[in-house]
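> Attaching a single structure in structure tokens format; questions to follow.
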Amino acid sequence: MTPLRTLALGLTLTLATAQLAAAQTKTTTKKTTTSTTKKTTPVKKTTPVKKTTTTTKATAATKVIAPVVVPLTADEATGGLREALTQAVTKAVAQGGETDGFNANADIRIPFPPEAELVAATLRKLRAGALVDNFEVALNRAAETAAGQAKPIFLNAVQNLSLQDALTLATSKESDAATTLLYEKTAADLRTAFQPTMQQSLEQTGATRLYAEMVARYNKIPLVTPLNPQLVPYATEKTVDGLFALMAAEEGRIRANPAAQGSALLKRVFGGK
């Protein structure tokens, strides 16, 4: 082969090789573009499914179950009444035993003995009204002094009280039903038991001396019928009655608002009305 032909053949091979390489390059580029295009194709977004919340509405036919109320037992009623009376005694004694517990309380203040009203009226006309006033104060001071010592006597009466109709008493509409029963069953015995305490208090406050002085001055008046009224029984009765009045008021407060007393039993017995 001549050198010229050899050169021409070399050129031809070189050109063919270059064209082949160019063709491969185009093919590769096309594939890459195609691949890239496929990868960047936006994916269609799917609309999210809305969650539906099912709300169950209460129908008018829905029944509300009422709480079961356990009936009050006789033992509970008895215990509640005794606790109420015990609390009433404690409060009454404390209130009545304070200074002016009787003297400044118009509801229970002890007035001049009715059987000696003529003595008081006569002495006031004789300008001895101060003696009458001093006696009335001393009388009420004696009641206050005695009241402070009445608690054991009254509590003993509460514990010995028969409560056969406890359920009826506990559910009574009367605000002082228990106190009234205690008074009816024990007042006479309480006065007897309380009389020595009352006599001592009357002497301590000077009421006994003042009373004797008034009666003596009255009996010296010409043409009057001499009087000898007994002070101790009268003062005892009025003091006991005054304490019962305070007890009745306390029982009424317990019945009206048992939750405020801080006792589960009182709330149970009196809270259902």
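Quick note, the working numbering runs 622 ahead of the 1-based positions in the sequence shown. Note that CB positions come from ideal geometry on N, CA and C, so glycine has one too.
Taking Cβ to Cβ, would you say ARG763 is nearer than 7 angstroms to THR827?
Here residue 763 corresponds to residue number 141 of the sequence shown, with the count starting at 1. Here residue 827 corresponds to residue number 205 of the sequence shown, with the count starting at 1. Yes.
> Under a Cβ-count criterion, where at least 16 other Cβ atoms within 10 Å of its own Cβ denotes burial, should ASP798 be classed as buried or exposed?
Translated into positions along the sequence shown, residue 798 becomes position 176. Buried, since its Cβ has 16 or more Cβ neighbours within 10 Å.
> Can you give the beta carbon distance from ALA857 to ALA765, rounded, assuming they're within the 8 angstroms contact cut?
Position 235 of the sequence shown, counted from the first residue, corresponds to residue 857. Position 143 of the sequence shown, counted from the first residue, corresponds to residue 765. Contact holds; Cβ gap of about 7 angstroms.
> Using DSSP with H/G/I as helix, E/B as strand and the rest coil, what is VAL862?
For the purposes of this step, residue 862 is identified with residue 240 of the sequence shown, where counting begins at 1. Residue state, collapsed to three classes: helix.
> Are the Cβ atoms of ILE732 and LYS860 separated by less than 7 angstroms?
Here residue 732 corresponds to residue number 110 of the sequence shown, with the count starting at 1. Here residue 860 corresponds to residue number 238 of the sequence shown, with the count starting at 1. Contact flag set, yes.
> According to DSSP, simplified to helix, strand and coil, what is ARG890?
For this step, residue 890 is matched to residue 268 along the sequence shown. Note: ARG890 maps to helix in three-state DSSP.
> Alpha carbon to alpha carbon, how far is PRO693 from VAL862? Give it in angstroms, no decimals.
Counted from its first residue, the sequence shown places residue 862 at position 240. Counted from its first residue, the sequence shown places residue 693 at position 71. For VAL862 and PRO693, the distance between alpha carbons rounds to 36 angstroms.
> From this set, LEU803, ASN778, ALA779, LEU812, which residue's C-alpha is nearest ALA788's C-alpha?
As a working mapping, residue 788 is identified with position 166 in the sequence shown. Checked all of LEU803, ASN778, ALA779, LEU812; the closest Cα to ALA788 is LEU803.
> With C-beta atoms as the reference, is LEU868 less than 7 angstroms away from ALA714?
On the sequence shown, residue 868 is found 246 positions in, with the first residue counted as 1. On the sequence shown, residue 714 is found 92 positions in, with the first residue counted as 1. Yes; because the gap between Cβ atoms is below 7 angstroms, this pair is in contact.
> Would you say PRO848 and ASN841 are within 7 angstroms of each other, going by their C-beta atoms?
Here the question's residue 848 lines up with position 226 in the sequence shown. Here the question's residue 841 lines up with position 219 in the sequence shown. Contact: yes.
> Determine, using beta carbons only, whether LEU832 and ALA760 come nearer to each other than 7 angstroms.
Position 210 of the sequence shown holds residue 832. Position 138 of the sequence shown holds residue 760. In this structure, ALA760 lies closer than 7 angstroms to LEU832 by Cβ.
> Mapping the DSSP letters down to three states, classify THR882 as helix, strand or coil.
Looking up residue 882 in the sequence shown gives position 260. Note that residue 882 is Ala in the sequence shown here, rather than Thr. Three-state DSSP puts ALA882 in a helix.
> Measuring only the C-alpha atoms, how far is PRO855 from ALA815?
For the purposes of this step, residue 855 is taken as the residue at position 233 of the sequence shown. For the purposes of this step, residue 815 is taken as the residue at position 193 of the sequence shown. Distance between the alpha carbons of PRO855 and ALA815 is about 12 angstroms.
> Name the two residues that bound the continuous alpha helix (DSSP H) containing VAL692.
Along the sequence shown, read from residue 1 onward, the residue named residue 692 stands at position 70. Premise fails: VAL692 is in no alpha helix (DSSP H) and is neither H nor E.
> Buried or exposed for GLN781, going by 16 or more other Cβ atoms inside 10 Å?
Position 159 of the sequence shown, counted from the start, is the residue given in the question as residue 781. It counts as exposed.
> Take ASP729 as the anchor and find which of ALA838, GLN717, LEU740 has the nearest alpha-carbon.
Position 107 of the sequence shown, counted from the first residue, corresponds to residue 729. That would be GLN717, whose Cα lies nearest to the Cα of ASP729.
> From the DSSP output, in three-state form, read off ASP798 for me.
The residue labelled residue 798 in the question sits at position 176 within the sequence shown. Here ASP798 sits in coil by DSSP.
> Here's the rule I'm using: 16 or more other beta-carbon atoms within 10 Å means buried, otherwise exposed. How should GLY751 be labelled?
Counting from one through the sequence shown, the residue named residue 751 turns up at place 129. Result: exposed.
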